[in-house]
Every structure is written in structure tokens, then in C-alpha cells.
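To keep things clear, I will list the structure first and then write my remarks on it.
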Amino acid sequence: METPVGRFARSAPERILIVYEHGRAGAAAIEFARELVERDDASVTVVGIAPRAPSGPRCGNSAVEYNEAVADSVARDLDEAKHRLGQAAARAAFVLLVEGADQTLEQLARSGGFDLVLLPAHRRPFRKPGHPAAAELSGVAGAEIRIVEPASRGQRRRAPRPGAAAG
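Its first residue numbered 6, the sequence shown is counted upward by one per residue in the numbering used here.
Right under this line is the structure:
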């Protein structure tokens with residue numbers, strides 16, 4: 006299920022940004038984007054975000070190798086997203102953002118002229134599913150932010166639920 010955050014999109018999105026994360030919610034976001042590409046001929050940018058541990062002078066090992074392994078894992082996730090997009094991958098760009106080394110997700114969203122941003126839902130105890138980036142992205146002019154929840158096992162994804170809160 007897709008949950009809009011903030012504004013509602015125009016009839017058909019032309020440029021879609023997807024934050025891909027390994028798991029059911031990430032797969033649901035990719036599936037939804039694939040449907041939009043096939044139906045509306047939209048272009049897609051799929052981004053994977055690699056968190057980065059600080060490295061520097063201290064006791065213990067450097068975080069350089071750890072950070073490289075995390076970035077490699079996220080790159081493999083992007084390959085999985087490409088596979089899930091199928092033929093729609095021909096109209097997609099794939100971007101690996103490394104936290105603290107590259108531009109931020111918000112900067113990418115602002116500079117890319119996206120009119121729809123899809124975020125995989127994160128389950129949160131006693132609250133509606135959300136995503137940590139939803140609040141910061143809600144200020145991106147012209148972009149509708151949607152939280153995409155995976156369908157319950159054995160069910161098909163439902164239409165977007167209006168009026169969800171960010172965060």
C-alpha cells in the first residue's frame with residue numbers, strides 16, 4: 006500500500022525517485038514504480054544509501070574496510086532492484102549514495118526535478134509505518150512523497166491511503 010505524505014501528485018508522474026532497501030517494502034516500492042513506468046512512461050532513479058561509520062585515529066581497527074563492505078552490499082541491493090524492474094530498468098538510473106561522502110538524499114531529490122518520491126515503509130511500534138527521510142523530503146518543491154508498504158502475505162497491494170503523517 007502506498008501512503009502519501011504531504012502533497013498529492015499530478016495525474017501521471019514523469020520523474021520518479023525510489024529509495025531502495027532490501028526487503029519486502031523495498032520490493033513493493035520497486036514493483037509500484039515498475040507499474041508506473043509501464044503505464045505512464047515515467048523515468049526512474051533508484052537510489053541505495055550506504056551508511057558510513059566514522060573512521061579516524063582511535064583505538065581499534067579503521068572503519069574503511071567496513072564502510073567498503075557496506076557500500077558493496079548496497080550496490081548488490083541496487084543490482085537486485087534492477088532485476089526486479091525488469092524491462093523498466095532500461096528507463097532507470099541507479100545511484101549509490103554514501104552518507105557523509107556524497108550529496109544527501111534531500112539534495113538529490115531537490116536537484117533531480119522529481120515529482121514522485123517512493124520510500125519503503127519502516128515498521129514502528131504503536132505508530133503507522135513511516136520512513137526516516139519522509140520529513141526532510143516533504144519540503145522538496147513539486148515532489149509528492151509516498152511511503153510504500155508491502156502487501157500482507159497473500160494479498161495484493163491496495164490503493165494509496167490519503168492523509169498520512171511524515172516521519
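Quick reminder that beta carbons are idealized off the backbone N, C-alpha and C, glycines included.
In this text the structure is predicted, and so the values were computed from the model without any measurement.
Checking the DSSP bridge columns, you'll see Gly135 partnered with His127. Between the stretch 37 to 54 and the stretch 89 to 109, the count of C-beta pairs closer than 8 Å reaches three or more; the two stretches touch.
In the DSSP assignment, Val79 is bridged to no other residue. Note on the stretch 17 to 42: whole beta strand (DSSP E) runs with a minimum of 3 residues are 20 to 24, in chain order. 7 Å or more divides the Cβ of Ile23 from the Cβ of Leu113. For Val145 against Glu111, the beta-carbon gap comes to about 7 Å, under 8 Å, which counts as contact. Its chain contains Ala32, Ile35, Glu36 and Arg39 as the residues whose beta carbon lies nearer than 8 Å to that of Arg89, once the 5 sequence neighbours on both sides are disregarded; these appear in chain order.
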